[in-house]
Structure formats: C-alpha cells, structure tokens
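**Q** Quick one: structure below, then a few questions.
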Amino acid sequence: MQAGGFSMGRTAYQHYIPPNFGYVENDLYRCGQPNELNFPFMEKLGLRCIVWLAPEEPNQNVMNFVDDQEIQLHHLGVLESGNASDPITEDMILEAFNLILDKRNHPMAIMCNIGRHRTGTVVGCLRKLQRWNLASIFEEYRRFAGPKVRLLNEQFIELFDTDLVRIPVDPPEWL
C-alpha cells in the first residue's frame, strides 16, 4: 500500500477526491465540479446520475467523463436571471428531490461548481427531510461552506417546507 493510492503490481494508482467531496448517505455523494485528476476516483463510485445545480454547464472534460461513463446528467441550476449568486429556488430543490429519492438513480452525486452553496442547500433540505435538528444541519452546511457561509441559504433551509416533497412508494432506506 502506498500513501495516497493503492498499488497493483508495479503500477501505483493515485485517487484524488473532488473539491468538497462528501458521503451524504449510502450511494449518495456531494462535491464540487471534478477535474481530470478526480475522474479515477469518481469512476470507482459507479455513478448512474449527477444532479448538476450550477447555472452554467459543467466544463467539457466533465461532459466527456459523463458520456464515457454513461452517467445521466440532470442540469437543474439554470436560472432565469443567470446570476450565479442568486439563491437556489424551492422548485429546484423539489426537482432535485424527485431525482434523489428515486433509488433507480443511485449511486448519485449532487454537484455545483465548488460544492458549497447550492449543493449544501440541497443537502441541508435533505437533512431537514430526514428530521435532523437545525444545529446539526447548519454545522454540516458550514463545514463545507467554510468562511463563505451564506445566511440566506441557512434561512432557506430553516424555512423549507418538507410537506411539499413527494416521497416515493419505495424510498431509499436512509429516508
């Protein structure tokens, strides 16, 4: 075994995780936009689906990776205003939940450019749906947001109405 990777015969393979990567639940991950160095790690996850929350398309290298791996990409982040700093909308959260709560889409990754704000808001709303207490939800959001915490996102999570979410007949076991 070598630090930072594993050894198979004479060839060592390095696996670098994407920015703000995290394990959310079984077969559900979060991260920022990966780059070429992250693709071997991402490939090991066996993703079926990516929920992309940023207003702009992923870069061409990510699009090529998604095509090569036959991953479904759902671009939910398109905003009418086009302003990347606009907060995520309730409709976007509900559309993301329709995908996240469908086990047929797993393994899945929730992504935006850096994996902080939009991804953090979706995960925070998921935690609220799982009946986590707000202090724990905000601690997780702040851990990934770092010094760039957005109070509007925390307020959105706090006020999010979980009764709007349609729970599938056969939900994931972690719900």
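Counting from 1, position 22 in the sequence shown corresponds to residue 26 in this note's numbering; the numbering is continuous, with no gaps. Every residue, glycine too, gets a C-beta built ideally from N, C-alpha and C.
#1: Asp95 to Leu77, Cα distance in whole Å?
#2: How long is the line joining the alpha carbons of Asn30 and Trp178, rounded to whole angstroms?
#3: Would you call the CB atoms of Glu162 and Leu133 closer than 9 Å?
#4: Measuring CA to CA, which of Asn65, Gly119, Lys152 is closest to Pro22?
#5: Measure the Cβ-Cβ separation of Val127 and Val28 and say whether it is below 9 Å.
#6: Tell me whether Val173 is buried or exposed, calling it buried when 16 or more other Cβ atoms sit within 10 Å of its Cβ.
#7: Could you spell out the range, first to last residue, of the alpha helix (DSSP H) harbouring Gln73?
#8: Pop quiz: Gly81 and Cys116 are said to be a contact at Cβ under 8 Å. What is the actual Cβ separation, rounded to whole angstroms?
#9: On the criterion of 16 or more Cβ atoms from any shown chain inside 10 Å, does Pro44 qualify as buried, or is it exposed?
#10: For Met67, does the count of other Cβ atoms within 10 angstroms reach 16, so buried, or fall short, so exposed?
#11: Quick check: the segment 104 to 111 against the segment 140 to 151, are at least 3 beta-carbon pairs closer than 8 Å?
#12: Leaving aside the five residues before and after Ile97 along the sequence, list all residues of the same chain whose C-beta is less than 8 Å from its C-beta, in chain order.
#13: For Asn65, which option in Glu40, Leu49, Lys48, Ala58 has the closest C-alpha, if you only look at C-alpha atoms?
#14: Taking 8 Å as the cut-off, does the CB of Val70 come closer than this to any heavy atom belonging to the ligand ADP?
#15: Please report how far the alpha carbon of Leu168 lies from the alpha carbon of Pro91, in whole angstroms.
#16: Rounding to the nearest angstrom, what Cα-Cα distance links Gly36 and Phe25 in this structure?
#17: For Arg122, which residues from the same chain have a beta carbon less than 7 Å from its beta carbon, with the 5 sequence-adjacent residues on both sides left out?
**A** The answer reads as follows:
#1: Between Asp95 and Leu77, the C-alpha separation is close to 18 Å.
#2: Each residue's alpha carbon lies about 8 Å from the other.
#3: Not closer than 9 Å, so no.
#4: It is Gly119.
#5: Contact: yes.
#6: Exposed, since its Cβ has fewer than 16 Cβ neighbours within 10 Å.
#7: Where Gln73 is concerned, the enclosing alpha helix (DSSP H) stretches over 64 to 73.
#8: In this structure Gly81 is in contact with Cys116, their Cβ atoms being roughly 7 Å apart against a cut-off of 8 Å.
#9: Of the other Cβ atoms in all chains shown, fewer than 16 fall within 10 Å of the Cβ of Pro44; this residue is therefore exposed.
#10: Exposed, since its Cβ has fewer than 16 Cβ neighbours within 10 Å.
#11: They do not touch, by the three-pair rule.
#12: Annotation for Ile97: Thr125, Val126, Cys129, Phe164 place their beta carbon closer than 8 Å to its own, counting only its chain and skipping 5 residues before and after.
#13: It is Glu40.
#14: Looking at this structure, you won't find the ligand ADP or any other ligand, since it has none at all.
#15: Looking at the two C-alpha atoms, the distance is approximately 19 Å.
#16: Cα to Cα, the separation comes out at about 7 Å.
#17: Counting only Cβ-Cβ distances below 7 Å, and skipping sequence neighbours, we find Leu57, Ala58, Gly81, Ile92, Cys116.
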